[in-house]
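Inspection log for the structure reproduced underneath, given as structure tokens.
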Amino acid sequence: RAKMGARGEFSFYSREMAVDIRERVRLLQSLRHAIERQRLFLVYQPQINLRTGKTCGLEALLRWRGDDGQLIPPDRFIPIAEHSGLIISVGEWVMRMACFQQAELARHGYGGLRMAINVSVTQLRHPRFLSAFRTALEDSGVNPSCIELEITESVAMLEADFLGHMFEQIKALGVQIALDDFGTGFSSLSYLQRLKVNRLKIDRSFINEVSSTTSAKHIPALVVQLGQTLGLAVIAEGVEVQEQADVLVKMGCDEAQGYLFARPMEVPQLLEWLAARS
Ligand code: C2E
Ligand code: MG
Ligand code: MG
Ligand code: MG
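According to full-length UniProt numbering, the sequence shown holds residues 458 to 735 in order.
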């Protein structure tokens with residue numbers, strides 16, 4: 458009976474997996490099409506300095522509009538793009554687009570805004586990464602100090618020497634680095650000192666309940682203290698209500714980003730938003 462049970466379980470899982478694989482293959486094919494037909498675009502979400510209330514940066518976020526007009530969320534297609542290697546060309550497009558957009562914003566008088574670009578670990582490991590990024594910086598004529606790469610904390614999995622060397626070369630380009638989704642991975646604190654990042658980005662999952670319970674404040678408060686101790690700026694993502702912002706201000710968190718301030722926007726809407734705020 459135990460065997461039968463085990464076999465039954467096995468066939469159940471394999472059926473599920475077959476569906477999953479078919480779904481992934483289908484998504485991958487339509488993603489290839491979407492790239493060819495330029496159905497990918499970027500939206501930009503403002504980042505706010507909590508002390509001054511001023512907009513200090515933007516995060517570029519990738520969007521895919523499917524044939525039915527519906528948006529396919531990045532959490533669904535980016536893992537597939539990473540797995541298939543498509544993320545390399547998509548990621549290069551994102552870097553170029555975001556750099557050109559920052560340069561364009563500078564021409565509109567918003568040169569001071571930092572542009573944060575998400576980069577996945579798969580991209581970082583690719584031998585072409587640095588040259589592609591350097592080319593994007595040069596071709597766009599953007600001021601490199603206005604560009605920030607958001608790299609997830611899980612990057613710490615990479616081999617230490619490779620990572621140290623990589624971060625050094627990125628910093629040598631004059632750009633900034635933020636550790637994204639901070640607090641969710643296994644952060645070896647020694648990395649922080651060695652890697653010389655500029656900013657820690659507290660993951661949204663810690664912000665959700667930050668104003669409701671005392672215990673939920675512990676991790677964000679710790680990250681803010683860590684940032685202060687190491688001389689790193691700290692930004693909170695996913696701030697949706699004023700109470701959360703208030704708690705973060707009290708903690709001494711430098712910056713915040715979230716629906717409370719603005720949703721990610723396409724360029725025309727972003728320009729209106731920026732004009733209305735200044
Ligand atoms: P992330 O980099 O941690 O981005 C933050 C996510 O939180 C974004 O989701 C953003 O739209 C969402 N968000 C911002 N404020 C709020 C809020 O107040 N409430 C809630 N509920 N959500 C908020 P999005 O745009 O769906 O992106 C998901 C993830 O996909 C990103 O997480 C990032 O890891 C990845 N991603 C997005 N664009 C790119 C890209 O161009 N390249 C790479 N490699 N990854 C990207
Ligand atoms: Mg990010
Ligand atoms: Mg994040
Ligand atoms: Mg996140």
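The C-beta atom is built at its ideal place from N, Cα and C for all residues, glycine as well.
Taking Cβ positions only, does residue i come closer than 8 Å to chain B?
i	result
Q495	The structure shown contains no chain B; it holds only a single protein chain.
Between residue i and residue j, is the Cβ-Cβ spacing less than 8 Å?
i	j	result
Q701	V680	no
A517	E549	no
R651	G631	no
L594	I627	no
L543	L488	yes
F639	I659	yes
L657	L689	yes
I505	Q559	no
Q685	G709	yes
residue 420	V500	For the chain, the structure presents residues 458 to 735; residue 420 sits outside this window and is missing.
N600	Q633	no
L570	L562	yes
I535	S577	yes
L687	L649	yes
Give the range of the beta strand (DSSP E) segment to which residue i is assigned.
i	result
V691	690-694
P503	497-506
On the DSSP bridge list, what partners appear for residue i?
i	result
E700	Note: E700 sits in no beta bridge, so no partner.
T609	D637
R522	L528
T686	Answer by DSSP bridge pairing: none, since T686 is not bridged.
Q714	E694
E516	Q502, A573
Find the nearest neighbour of residue i within the set the options, judged by alpha-carbon distance.
i	options	result
L485	Y501, P531, S597	P531
R483	G510, I537, Q504	I537
T641	R481, N655, A613	A613
L587	H565, M552, A719	M552
G526	Q685, R496, G569	R496
V691	T670, A635, E729	A635
R734	Q633, C513, R479, I492	C513
K707	F498, L507, S602, Y501	L507
G695	E712, T579, T670	E712
A573	S602, A617, F534	S602
C556	Y716, I545, R591, S546	R591
Q682	L515, L731, E625, L646	L646
A693	L687, L717, M554	L717
A678	E697, D703, Q699	D703
E493	D524, V698, I676, T509	D524
Output the boundary residues of the alpha helix (DSSP H) element that contains residue i.
i	result
V724	724-734
A719	Neither: A719 is in no alpha helix (DSSP H) and is coded neither H nor E.
E625	617-629
- prompt: If you scan the segment 528-606 from start to end, which runs of the alpha helix (DSSP H) of 4 or more residues do you find wholly inside it?
  reply: If one requires a minimum length of 4 residues, the alpha helix (DSSP H) runs lying completely within the segment 528-606 are 531-541, 543-562, 578-582, 586-597, in chain order.
- request: Only counting runs of 4 or more residues, tell me where the alpha helix (DSSP H) segments fall wholly within the segment 640-670, in order along the chain.
  value: As far as the segment 640-670 is concerned, its whole alpha helix (DSSP H) runs of at least 4 residues are 646-652, 661-664.
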